[in-house]
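Comments concern the structure below.
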Amino acid sequence: MISFAASGQANINPENKGKLYVLWGWNWGYYSKSDIHFTGTNYDFELKDVKAQDRQTPFSFEDYFGITSITIPQTNFRIGYYINDNLNIAVGVDHMKYFMINDQTVKINGYIDQTGTIYDGVYSNDDILLTTDFLSYEHSDGLNYINAEINYVKDILSWVGNPKEKLQVYVTGGVSAGFLLPKTNSQLMGRERHDDFNVAGYGMALKAGVNITFYKYFFVQSELKGGFINMPNVRTTHDKSDGASQHFFYLMPDILIGVVFKIAHKN
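Take a look at the structure:
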């Protein structure tokens, strides 16, 4: 019995080293409250504990699988390579969406001057209602986290003699770091919006997940990623002197599909 078990374990070694994988999937975003600091000509103020949420695209085959619209939902893309049987490195983008919730009341500190609006004044921990005529603020065409990561994977079925040709189940965990390239749609007191891609800051994250691989080449994977985003350089309006800064924590569960195949033989 001992000899049989040892032989079985040797035969079902997944031998991941030298494999390449590509994955695509969809995510949900949950964000901590954030202090958002706005600066520009004639104003400098901070909004405290601002709440935000993601925005899921209603499901349709065209939006989620059509070539011209696959970035409309919140998506993930990654390409990775196994440097040994248990470690892989990858690069990719987490395309999240971040929408400040309008009509919430927050504290404001700072000043607004010579804008010709009812918001001119000096503020010291005052309440303000975030109506759309004052501010709308969203990273709606992507809170795009472009990152590199390293992941550890472990086949948890090998010990029961599972045939590797049919099924592997892995647990996985990893760490990533990268930069934020949002496309921010901000309407601030009627000023012309910027609404273009801009390198706004950096992020880092940890994750854990489960991968189920079928017939060696196809897999589904689900992860929970938690991270920190710091964006000191958000473009808010068409005027380059206007900007915002913020930082926050986030959680991002996802569901992914992909393919994996050998491109180099294990030594």
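Just so you know, we're using numbering that gives the first Met the number 0 here: the sequence shown kicks off at 0 and counts up by one. Just so you know, even glycine gets a beta-carbon here, dropped at the ideal spot from N, CA and C.
Using 8 Å for Cβ pairs, my map puts residue i next to residue j. What's the rounded Cβ distance?
i	j	result
Met99	Tyr136	4 Å
Leu223	Ala199	Contact flag wrong, Cβ pair sits at about 25 Å.
Phe27	Asn75	Correcting the residue identity first, residue 27 is Trp in this sequence and not Phe. Not quite, the Cβ-Cβ distance comes to about 11 Å (not below 8 Å), so this is no contact.
Ser175	Met203	7 Å
Ile112	Asn41	Note on residue identity: the sequence assigns Asp, not Ile, to residue 112. Sure, about 5 Å apart at Cβ, within 8 Å.
Give the straight-line distance between the Cα atoms of residue i and residue j, rounded to the nearest whole angstrom.
i	j	result
Ile256	Gly225	20 Å
Gly173	Ile145	15 Å
Asp195	Pro181	8 Å
Asp253	Tyr29	12 Å
Ser33	Asn184	17 Å
Asp125	Phe133	15 Å
Val233	Val49	16 Å
Phe248	Asn101	20 Å
Ser6	Asp140	Note that Ser6 scores a pLDDT of 38, beneath 50, so its modelled location is shaky; the value from the coordinates is reported in the next line. Cα to Cα, Ser6 sits roughly 52 Å from Asp140.
Ile149	Gly91	12 Å
Asp241	Gly120	18 Å
Leu19	Thr67	26 Å
Asn46	Asn197	Strictly speaking, residue 46 in this sequence is Leu, with Asn absent from that position. Roughly 22 Å between the two C-alpha positions.
Tyr110	Leu142	28 Å
Asn108	Gln52	23 Å
Leu129	Thr116	14 Å
Ser59	Gly65	9 Å
Ile78	Ala89	5 Å
Phe227	Met251	11 Å
Gln55	Tyr216	30 Å
Leu205	Thr38	32 Å
Lys153	Glu61	36 Å
Gly208	Val170	6 Å
Gln103	Gln245	18 Å
Pro57	Val219	22 Å
Met0	His138	Unreliable positioning characterises Met0 in this predicted model, as indicated by a pLDDT of 35, which lies under 50. A coordinate reading is not provided.
Thr114	Pro231	24 Å
His193	Ser31	25 Å
Tyr201	Val21	24 Å
Under 8 Å between the Cβ atoms of residue i and residue j?
i	j	result
Glu191	Thr131	no
Ala243	His36	yes
Asn85	Tyr151	yes
Tyr63	Pro72	yes
Val105	Ile69	no
Lys239	Gly17	no
Ala147	Gly177	yes
Leu156	Val168	yes
Quick one, which of the options has its alpha-carbon nearest residue i's?
i	options	result
Phe44	Tyr118, Met203 and Lys32	Tyr118
Asn210	Lys96, Leu166, Gly115 and Leu129	Leu166
Glu14	Ile78, Asn87 and Gln55	Asn87
Phe213	Val259, Gln245 and Leu250	Val259
Val96	Gln103, Trp25 and Glu61	Here the sequence assigns Lys to residue 96, which means Val is not the residue at that position. For Lys96, the nearest C-alpha among the options comes from Trp25.
3-residue-minimum beta strand (DSSP E) runs that sit fully inside the region 99-135, ordered along the chain: 104-111 and 120-128
If we require 3 or more residues per run, which beta strand (DSSP E) segments fall completely within the region 141-216? 166-179, 184-187 and 200-213
Complete beta strand (DSSP E) runs within the region 35-86 (minimum length 3 residues, chain order): 42-49 and 74-81
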